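Residue numbers (UniProt numbering), protein chains in the order written: chain A, 1 to 239; chain B, 1 to 101.
In this text, a Cβ means the ideal position worked out from N, Cα and C, and glycines have one as well.
Note that the structure is predicted; figures quoted are calculated from it, not measured.
Following: one structure in structure tokens, then a few remarks.
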């Protein structure tokens with residue numbers, strides 16, 4: 001029995017590693033760019049590695065750099081990170097539905113590895129997922145993220161100054177690159193992003209609210225208003 | 001090493017880890033009300049909208065840096081380019097623009 005269990009666990013782990021290889025390759029350019037941008041934002045190599053190793057959330061890390069660059073306070077950056085990453089709560093809840101019962105410490109450990117990408121791969125997998133599979137999947141993605149962040153930082157150190165200056169648009173370009181495919185798919189996304197952009201502009205330019213809180217206010221306001229209208233139109237359709 | 005940044009990283013790590021961990025460990029079958037599930041699903045798109053505008057227009061004293069960066073990134077992304085290509089395209093466009101101003 002003991003042998004059978006070990007073989008099952010190691011085969012699940014290997015399956016996870018294989019599924020994670022695709023994510024590891026996909027993370028490479030994003031992590032390299034993160035390392036590069038962390039350098040241009042003024043973080044040290046140790047801070048950059050710590051951020052990738054402890055936070056391990058691409059968009060939040062990019063946003064943290066973006067906010068640090070404009071002098072936003074640490075508390076606001078943590079709040080913005082929380083608002084942005086609370087979506088993992090739903091992914092974790094959804095994953096919980098197809099997760100095999102495992103020791104709670106194992107679930108607590110692999111929960112750290114939940115990202116948009118690892119969640120998508122795990123959620124699309126046929127059947128259930130167990131801790132061994134999630135460890136294999138998570139280690140590949142996490143390893144790629146942390147190692148490539150460090151490489152990006154070190155390589156970025158040698159970039160010419162003029163290129164580093166034009167890199168100031170890079171974070172914004174990345175957000176646009178993330179947003180546009182969603183805009184193409186759903187009209188609702190255009191309204192959400194547009195509303196938040198307008199509210200954020202009013203908050204920062206006219207009301208002089210600090211950038212961090214303006215983002216929180218604009219995001220929540222747009223998300224709630226949109227959901228309220230979605231609910232209204234559903235109610236109308238029901239009548 | 002800046003200690004404020006270290007504490008910020010630890011804080012970011014905690015607020016990122018807790019939502020990842022809670023449902024898997026604490027809540028077994030509890031679900032949020034549908035309205036708030038919808039709100040939270042809307043948040044990433046709204047956040048991106050707010051992070052791009054108006055910030056991109058202030059990356060340089062010359063507002064055309066922001067406008068050209070926005071347009072080039074948008075066009076590249078619309079044509080289906082991967083995020084890293086979108087970033088490279090806008091950086092290259094601004095590097096070229098910088099040569100002429």
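Residue i to residue j span [Cα, whole Å]
| i | j | result |
| --- | --- | --- |
| residue 2/A | residue 24/B | With a pLDDT of 49 at residue 2/A, under the threshold of 50, the modelled position of this residue cannot be trusted; read the value that follows with caution. Rounded to the nearest angstrom, the two C-alpha atoms are 27 Å apart. |
| residue 53/A | residue 88/A | 17 Å |
| residue 35/B | residue 225/A | 11 Å |
| residue 69/B | residue 184/A | 19 Å |
| residue 69/A | residue 218/A | 20 Å |
| residue 51/B | residue 94/B | 20 Å |
| residue 240/A | residue 73/B | Outside the modelled stretch of chain A, which goes from 1 to 239, sits residue 240/A, for which no answer is possible. |
| residue 134/A | residue 26/B | 18 Å |
| residue 188/A | residue 39/B | 12 Å |
| residue 11/B | residue 30/A | 23 Å |
| residue 63/B | residue 57/B | 6 Å |
| residue 139/A | residue 10/A | 14 Å |
| residue 86/B | residue 24/A | 20 Å |
| residue 32/A | residue 207/A | 37 Å |
| residue 131/A | residue 100/B | 56 Å |
| residue 89/B | residue 82/B | 11 Å |
| residue 106/A | residue 190/A | 40 Å |
| residue 80/B | residue 182/A | 11 Å |
| residue 18/A | residue 64/A | 31 Å |
| residue 9/B | residue 66/A | 14 Å |
| residue 8/A | residue 235/A | 49 Å |
| residue 4/B | residue 43/A | 12 Å |
| residue 13/A | residue 137/A | 8 Å |
| residue 223/A | residue 37/B | 11 Å |
| residue 92/B | residue 233/A | 44 Å |
| residue 205/A | residue 62/A | 23 Å |
| residue 103/A | residue 113/A | 16 Å |
| residue 203/A | residue 84/B | 30 Å |
Residue from the options whose Cα sits closest to the Cα of residue i
| i | options | result |
| --- | --- | --- |
| residue 115/B | 48/A, 89/A, 175/A, 91/A | Residue 115/B lies beyond the range of chain B shown here (1 to 101); nothing can be said about it. |
| residue 17/B | 92/A, 44/A, 27/A, 62/A | 92/A |
| residue 153/A | 45/A, 22/A, 125/A, 17/A | 45/A |
| residue 41/B | 116/A, 205/A, 206/A | 116/A |
| residue 241/A | 151/A, 109/A, 169/A | The structure shown does not extend to residue 241/A, since chain A is modelled only from 1 through 239, so no value can be given for it. |
| residue 118/A | 128/A, 145/A, 20/A | 20/A |
| residue 243/A | 215/A, 235/A, 234/A | Since the first residue shown for chain A is 1 and the last is 239, residue 243/A is missing from the structure and cannot be characterised. |
| residue 172/A | 75/B, 37/B, 43/B, 59/B | 59/B |
| residue 54/B | 169/A, 231/A, 144/A, 126/A | 169/A |
| residue 38/A | 102/A, 109/A, 146/A | 146/A |
| residue 178/A | 75/B, 98/B, 96/B | 75/B |
| residue 231/A | 33/B, 13/B, 67/B | 33/B |
| residue 192/A | 227/A, 155/A, 203/A | 227/A |
For residue i, the residue or residues it bridges with in DSSP
| i | result |
| --- | --- |
| residue 99/A | 129/A |
(request) Anything in the segment 89 to 107 of chain A with a Cβ closer than 7 Å to a Cβ of chain B? List those residues in chain order, please. (result) 89, 90, 92, 93, 95, 96, 99, 104, 107
(message) Can you pull out the residues from the segment 133 to 152 of chain A whose beta carbon lies closer than 8 Å to at least one beta carbon of chain B?
(response) none
(request) Spell out a yes or no on whether the segment 41 to 53 of chain B and the segment 189 to 197 of chain A are touching, meaning 3 or more CB-CB pairs, one atom from each, closer than 8 Å. (result) yes
(request) Indicate whether the contact test is met: 3 or more Cβ pairs, each with one atom in the segment 54 to 66 of chain A and one in the segment 76 to 85 of chain A, closer than 8 Å. (result) yes
(request) Taking only beta carbons into account, state which residues of the segment 31 to 47 of chain A come closer than 8 Å to chain B, listed in chain order. (result) 33, 43, 44, 46, 47
(message) When you compare the segment 98 to 117 of chain A with the segment 61 to 77 of chain A, are there three or more beta-carbon pairs, one atom per stretch, that lie closer than 8 Å?
(response) no
(request) Could you list the residues in the segment 166 to 180 of chain A with a C-beta less than 7 Å from some C-beta on chain B, going in chain order? (result) 166, 167, 168, 169, 170, 172, 173, 174, 175, 176, 177, 178, 179, 180
(message) Give me the subset of the segment 44 to 57 of chain B whose CB atoms are less than 7 Å from a CB atom of chain A, sorted by chain position.
(response) 44, 45, 46, 47, 48, 49, 50, 51, 52, 53, 54, 55, 56
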